[in-house]
Structure formats: structure tokens, C-alpha cells
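**Q** Residue numbering for the sequence shown follows our numbering, starting at 1211 and increasing by one per position. Heads up, the beta-carbon is just placed ideally off N, CA and C, and yes, glycines get one too. The structure follows.
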Amino acid sequence: MPSSNPISEVPAGFFSGLGNLEEFYFQEVPIGSTLINGSLEFLGAPISIIDIGRNSISTLESHAITGLESNTELDIRDNEIRELTEESFRPMLDLFSLVEGIINLHGNPVERDCSMAWIVLNPVFLESVLGICTDGTYFKIWIQTFLKTFVSGEILPWQAIIPLGLVPKRFQQ
């Protein structure tokens, strides 16, 4: 992707002295495919919007984005994220689910597989994450349909793990 922004990196601690920073837009920046720990630390800033869309990010390390507020809107649209790893996304969703924070993942090639199981098992996170899987299924619809089917008794508990890809390898043939 050609960059329209000449910045190629953000030094660690860059935002620590910016106590009045409320919005941060960082799009089309050649920062690499992995957002490493400490990349975006917003400690002490009342940050309400972080837009890091269209940066070809495929991986977020566990502490790549810190110092968020419970009402922060984190826009990670149109990157290359395939998996919603619990290690990377749970700390943000734990915080966002308390009030009304949002992670927008539209336009990422997220696979509908067991990497989302931790979200399915904690449906309160569902209100804080937006996106569509590569098969065209909206996160909320897939999970709500799955839970409705499970709760209604249409499937048995052991059958519930099959759509999530959680069947132990020894039982897979």
C-alpha cells in the first residue's frame, strides 16, 4: 500500500507528555505488520478516538496499545488482522465492556474460527467489538445465533464446540 504519511515509527513514550490528547489519527503509515508492545501508550491522556486504519497491521502484541479509556473508540479498520487473540484484545475489551468503548475491525480478514472462542464464551464483549468474518458473517450475528441455538437446546453441549473448532485433535478424523 503506498503511504500518504511520511512517518514510519512512533518512538516509545512519545505520547506520555501529551496529557490533553483526545483524538489520534494515524492512517496509511508504513509502521510494519506487527504493532509491538509500547507502540501506542496513551498514559495520562483522555483519549477518546484512536484511528489506526489502513496500515497493513496483521498482529498486535499484548501491550501494543495502552492507556485507553473505557469509552475509547479504537478504529483498526482495513488492516490485515486475521485472528482476535485473547492475549492482545482481551485487556481492551475488559475495559471497553465496562462503559461503551468500541473496537472497530471492519475490513480485516478475520477468520470465523476458534480464535474467537473466548469472545463467544464472554458475550458481554460482543457489544464492544464490530466486524465481519471473511465468510460475510457479522461477529454479533454469528455469536448470537450460536448462543441461541445452544441455549434453546437445539444442540448438545458437546456439539457446541464443533463450530468453534475446539474439538480435540484426537477426535478429529
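In whole angstroms, give me the CA-to-CA distance for N1281 and E1310.
**A** Going from the Cα of N1281 to the Cα of E1310 covers about 5 Å.
**Q** Can you give me the start and stop residues for the beta strand (DSSP E) that I1312 sits inside?
**A** I1312 to N1314 is the extent of the beta strand (DSSP E) around I1312.
**Q** How should I1217 be labelled, buried or exposed, when 16 other C-beta atoms within 10 angstroms of its C-beta is the threshold for buried?
**A** Answer is exposed; the Cβ neighbour count stays below 16.
**Q** Is V1339 closer than 8 Å to F1349 when the C-beta atoms are compared?
**A** Against a cut-off of 8 Å, the Cβ pair of V1339 and F1349 comes out as a contact.
**Q** Kindly indicate the opening and closing residues of the alpha helix (DSSP H) around E1296.
**A** Its alpha helix (DSSP H) spans residues E1296 to F1306.
**Q** I think T1269 touches S1249, with their Cβ atoms under 8 Å apart; what is that distance to the nearest whole Å?
**A** About 11 Å; that fails the 8 Å criterion.
**Q** Need the endpoints of the alpha helix (DSSP H) that I1329 sits in, please.
**A** Where I1329 is concerned, the enclosing alpha helix (DSSP H) stretches over A1327 to V1330.
**Q** How long is the line joining the alpha carbons of Q1382 and L1308, rounded to whole angstroms?
**A** Low confidence applies to Q1382: its pLDDT is 45, below 50, so where it sits in the model is not reliable, and the reading given next is rough at best. Roughly 38 Å separates the two Cα atoms.
**Q** Please return the same chain residues whose Cβ sits closer than 7 Å to the Cβ of L1228, not counting the five positions on each side in sequence.
**A** For L1228, where only same-chain residues beyond five positions count, the Cβ hits under 7 Å are A1255.
**Q** Name the DSSP bridge partner or partners of T1276?
**A** E1251, per the DSSP bridge assignment.
**Q** Could you work out which residue in L1294, L1305, E1219 and F1236 is closest to S1285 when comparing CA atoms only?
**A** In the sequence under discussion, the amino acid at residue 1285 is Asp, which differs from the Ser named in the question. Of the candidates L1294, L1305, E1219 and F1236, the one whose C-alpha sits nearest the C-alpha of D1285 is F1236.
**Q** By how many angstroms is the C-alpha of L1245 removed from the C-alpha of A1274?
**A** About 6 Å.
**Q** Suppose you measure from the CA of G1375 to the CA of I1312; what does that come to, to the nearest Å?
**A** Legend: pLDDT at G1375 = 48, less than 50; position of this residue unreliable, value from coordinates given subsequently. So the alpha carbons of these two residues sit roughly 26 Å apart.
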